[in-house]
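Residue numbers (our numbering), protein chains in the order written: chain A, 18 to 329; chain B, 18 to 329.
2 protein chains.
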Amino acid sequence: MVTLIDIQHAYDRIRPYIHRTPVLTNRSLNDLTGAELFLKCENFQRSGSFKIRGATNAVELLSQDEIDRGVATTSSGNHGAALSMAVARRGGSVTVVMPQNTPIIKVENVKRNGGNIVWCEPNLSSREKTLGELVNLNDAVVVHPYNDERIVAGQGTAAMELLEDQPDLDCIVSPLSGGGLLSGTLCSVKNLNNQVRVIGAEPMEADDAFRSWKLGKIVPNKTTDTICDGLRAQIGTITFPIIQEYVDDIITVSENDIIAAMRMIWERLKIIIEPSCSITLAAVLNQKTIFKDSKVGLILSGGNVDLDQLPW
Amino acid sequence: MVTLIDIQHAYDRIRPYIHRTPVLTNRSLNDLTGAELFLKCENFQRSGSFKIRGATNAVELLSQDEIDRGVATTSSGNHGAALSMAVARRGGSVTVVMPQNTPIIKVENVKRNGGNIVWCEPNLSSREKTLGELVNLNDAVVVHPYNDERIVAGQGTAAMELLEDQPDLDCIVSPLSGGGLLSGTLCSVKNLNNQVRVIGAEPMEADDAFRSWKLGKIVPNKTTDTICDGLRAQIGTITFPIIQEYVDDIITVSENDIIAAMRMIWERLKIIIEPSCSITLAAVLNQKTIFKDSKVGLILSGGNVDLDQLPW
Chain A
18 MVTLIDIQHA YDRIRPYIHR TPVLTNRSLN DLTGAELFLK CENFQRSGSF
68 KIRGATNAVE LLSQDEIDRG VATTSSGNHG AALSMAVARR GGSVTVVMPQ
118 NTPIIKVENV KRNGGNIVWC EPNLSSREKT LGELVNLNDA VVVHPYNDER
168 IVAGQGTAAM ELLEDQPDLD CIVSPLSGGG LLSGTLCSVK NLNNQVRVIG
218 AEPMEADDAF RSWKLGKIVP NKTTDTICDG LRAQIGTITF PIIQEYVDDI
268 ITVSENDIIA AMRMIWERLK IIIEPSCSIT LAAVLNQKTI FKDSKVGLIL
318 SGGNVDLDQL PW
Chain B
18 MVTLIDIQHA YDRIRPYIHR TPVLTNRSLN DLTGAELFLK CENFQRSGSF
68 KIRGATNAVE LLSQDEIDRG VATTSSGNHG AALSMAVARR GGSVTVVMPQ
118 NTPIIKVENV KRNGGNIVWC EPNLSSREKT LGELVNLNDA VVVHPYNDER
168 IVAGQGTAAM ELLEDQPDLD CIVSPLSGGG LLSGTLCSVK NLNNQVRVIG
218 AEPMEADDAF RSWKLGKIVP NKTTDTICDG LRAQIGTITF PIIQEYVDDI
268 ITVSENDIIA AMRMIWERLK IIIEPSCSIT LAAVLNQKTI FKDSKVGLIL
318 SGGNVDLDQL PW
């Protein structure tokens with residue numbers, strides 16, 4: 018299990034290489050939700066998403082020998098770009114296995130940060146098979162996008178900053194997919210102040226974590242047909258037990274509600290965020306009674322959106 | 018002429034009702050321009066633009082009798098919404114004469130803030146005729162969007178904040194249309210530190226201020242066929258002399274360059290801004306030698322963009 022000390026050490030390690038992202042508030046969203054919202058803006062983070070936190074932590078822990086062997090991963094885009102940035106700083110190279118339906122902006126971000134791309138089919142087995150072949154061929158070191166304690170510890174630093182800025186939160190809502198961000202959030206928040214509720218928000222169209230949590234065992238996604246291109250992964254064997262132990266609730270959200278919440282944040286806050294994190298606002302709007310009159314932190318995980326493919 | 022004291026008094030008057038907007042920096046835009054940029058984010062301002070500064074200053078100076086008579090104005094949208102917000106707080110009502118080609122989001126902003134809309138043709142004479150009829154009919158008090166010293170003083174507070182946050186700027190670039198923001202910027206900056214250069218950025222497709230400045234007398238727009246819906250107005254008789262006296266340069270920018278700069282800011286900074294202010298970045302990109310190695314403030318004047326009508 019990832020401890021608070023692990024997260025604090027991760028924070029010391031990555032702090033020189035990341036932004037301290039702002040926490041925004043917005044009166045009109047508060048009026049709409051009946052809650053007081055605090056939006057942790059990881060869309061303004063380096064590489065365009067929170068993924069730089071975990072990736073940097075993992076890469077800083079690699080030996081020079083491991084860097085020299087080359088690093089490989091699978092990614093829906095943001096982890097690939099972040100890992101490429103972190104490895105490039107150490108003078109190494111990264112190969113990223115990406116599904117063919119990745120938004121162009123995420124492909125460009127990987128390339129701009131020096132990553133090499135190998136395409137796969139947009140499903141779990143093709144991802145893992147392609148990555149396995151790469152590792153066999155090149156003896157590359159794998160830094161998994163979420164199922165890795167170094168990644169979990171790094172991602173936990175976002176909620177740590179949020180609680181430092183806003184210590185009186187009643188609740189934090191995190192996007193949920195492979196579980197890296199949510200499990201990191203749980204490991205930091207529940208150890209800092211276990212009165213703070215932590216809730217995951219997952220697309221109905223890729224709800225493996227919600228169903229796994231209900232059943233008490235990992236089950237696969239039935240579909241990954243969601244606009245949230247960052248939330249199509251499968252819950253991990255390392256992240257799932259953390260979620261099982263600590264999470265207070267998981268809310269699933271429809272595609273229409275995710276898109277409506279995305280547009281609302283763009284129009285009211287004048288910031289660009291991905292649907293993969295507007296899902297947190299959609300969860301609050303869908304379950305207003307749970308959040309009424311509470312101080313609620315939303316982790317806006319990223320801002321890498323293809324401006325030619327907007328969903329409205 | 019608007020003095021520094023006028024601007025400081027305006028600031029004392031409006032401070033409770035406006036946001037102190039952040040100044041953002043971005044490494045990749047610095048690399049691209051060869052300058053060090055400081056972006057004053059009035060897109061995050063209340064009502065979605067800097068216009069709330071001048072409107073609030075003017076409205077706070079109205080007597081209760083004037084408020085009771087009703088307030089009228091013409092506006093391409095942002096001034097109308099800001100004025101509606103400021104007047105509503107004092108319990109009055111506003112009628113806004115708006116051109117029929119106003120983006121829907123700006124129409125909605127006026128309505129949401131309680132303003133009544135009267136439509137006109139998208140040209141100066143129709144605007145003025147419609148407003149004149151309104152005033153004759155209702156004895157309404159006019160608060161002009163820019164040709165008014167109370168407005169100029171209010172708009173000057175944005176650059177005052179920017180210089181307070183970043184006192185070592187070499188240069189500030191402001192959008193230029195009717196001249197309220199640029200003349201306010203000039204009145205504050207040139208009185209605070211006349212070493213700071215101030216440059217206006219105007220669309221080639223609505224370049225009346227540039228041509229007037231070159232000729233030494235006010236001439237009308239030949240076209241207003243620009244995507245910058247906030248920059249289609251005619252330079253004012255109050256704002257023009259201030260610009261003549263103080264401005265260091267006016268740079269005109271093509272539509273394609275305005276759109277490219279807008280997209281660049283959206284993608285790199287993850288913030289939503291109007292083309293009417295991406296023109297400032299476009300001006301820097303067009304004239305890199307002027308700005309090379311300088312610290313340059315850009316006033317990002319607003320963020321009210323119709324998300325269904327993006328120019329790419």
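Glycine included, each C-beta is placed from N, C-alpha and C at the ideal position.
Exposed or buried, residue i, counting other C-beta atoms within 10 Å across all chains shown (16 or more means buried)?
i, result
"residue 154 of chain A", "exposed"
"residue 60 of chain A", "buried"
"residue 126 of chain A", "buried"
"residue 279 of chain A", "buried"
"residue 123 of chain A", "buried"
"residue 329 of chain B", "exposed"
"residue 291 of chain A", "buried"
"residue 159 of chain B", "exposed"
"residue 85 of chain B", "exposed"
"residue 12 of chain A", "Lying outside 18 to 329, the shown extent of chain A, residue 12 of chain A is not represented and no answer is given."
"residue 246 of chain B", "buried"
"residue 23 of chain A", "buried"
"residue 240 of chain B", "exposed"
"residue 36 of chain A", "exposed"
"residue 199 of chain B", "buried"
"residue 334 of chain A", "This structure does not reach residue 334 of chain A, given that chain A is present from 18 up to 329, and the question cannot be answered."
"residue 212 of chain B", "exposed"
Which residues in chain B have a C-beta closer than 8 Å to the C-beta of residue i? List them in chain order.
i, result
"residue 60 of chain A", "287"
"residue 320 of chain A", "287"
Within this structure, are the beta carbons of residue i and residue j separated by less than 9 Å?
i, j, result
"residue 318 of chain B", "residue 66 of chain B", "yes"
"residue 171 of chain B", "residue 314 of chain B", "no"
"residue 115 of chain B", "residue 149 of chain B", "no"
"residue 197 of chain A", "residue 253 of chain A", "yes"
"residue 296 of chain B", "residue 189 of chain B", "no"
"residue 220 of chain A", "residue 202 of chain A", "no"
"residue 223 of chain B", "residue 260 of chain B", "no"
"residue 91 of chain B", "residue 166 of chain B", "no"
"residue 300 of chain B", "residue 216 of chain B", "yes"
"residue 55 of chain A", "residue 78 of chain A", "no"
"residue 87 of chain B", "residue 113 of chain B", "no"
"residue 287 of chain B", "residue 288 of chain A", "yes"
"residue 194 of chain A", "residue 101 of chain A", "no"
"residue 130 of chain A", "residue 105 of chain A", "yes"
"residue 274 of chain A", "residue 303 of chain A", "yes"
Ends of the beta strand (DSSP E) at residue i?
i, result
"residue 191 of chain B", "188 to 192"
"residue 220 of chain A", "214 to 220"
"residue 270 of chain A", "266 to 270"
Closer than 9 Å by beta-carbon distance: list the chain B residues that pair up with residue i, in chain order.
i, result
"residue 32 of chain A", "In chain order: nothing, as chain B lies at least about 17 Å away."
Residues of chain A with CB closer than 8 Å to the CB of residue i, please, in chain order.
i, result
"residue 65 of chain B", "287"
What are the boundary residues of the alpha helix (DSSP H) that residue i is part of?
i, result
"residue 204 of chain B", "197 to 209"
"residue 126 of chain B", "121 to 129"
"residue 256 of chain B", "256 to 263"
"residue 232 of chain A", "225 to 232"
"residue 21 of chain A", "21 to 31"
Nearest chain C C-beta to residue i closer than 9 Å, yes or no?
i, result
"residue 283 of chain B", "Here chain C cannot be found, since the structure's protein chains are A and B."
For residue i, go through chain B and note every residue whose CB falls closer than 7 Å to its CB, in chain order.
i, result
"residue 329 of chain A", "324 and 325"
"residue 280 of chain A", "324"
Could you name the residues of chain A that residue i contacts, counting a contact when the two beta carbons are closer than 9 Å?
i, result
"residue 197 of chain B", "Simply none; closest approach about 21 Å."
May I have a chain-ordered list of the beta strand (DSSP E) segments no shorter than 3 residues that lie completely inside the segment 131 to 168 of chain B? 133 to 137
Beta strand (DSSP E) runs wholly inside the segment 46 to 116 of chain A, at least 3 long, in chain order: DSSP runs (the beta strand (DSSP E)) wholly in the segment 46 to 116 of chain A: 53 to 58, 88 to 91 and 111 to 116.
Pick out the complete beta strand (DSSP E) segments inside the segment 278 to 329 of chain B, 3 residues or longer, and give them in chain order. 312 to 317
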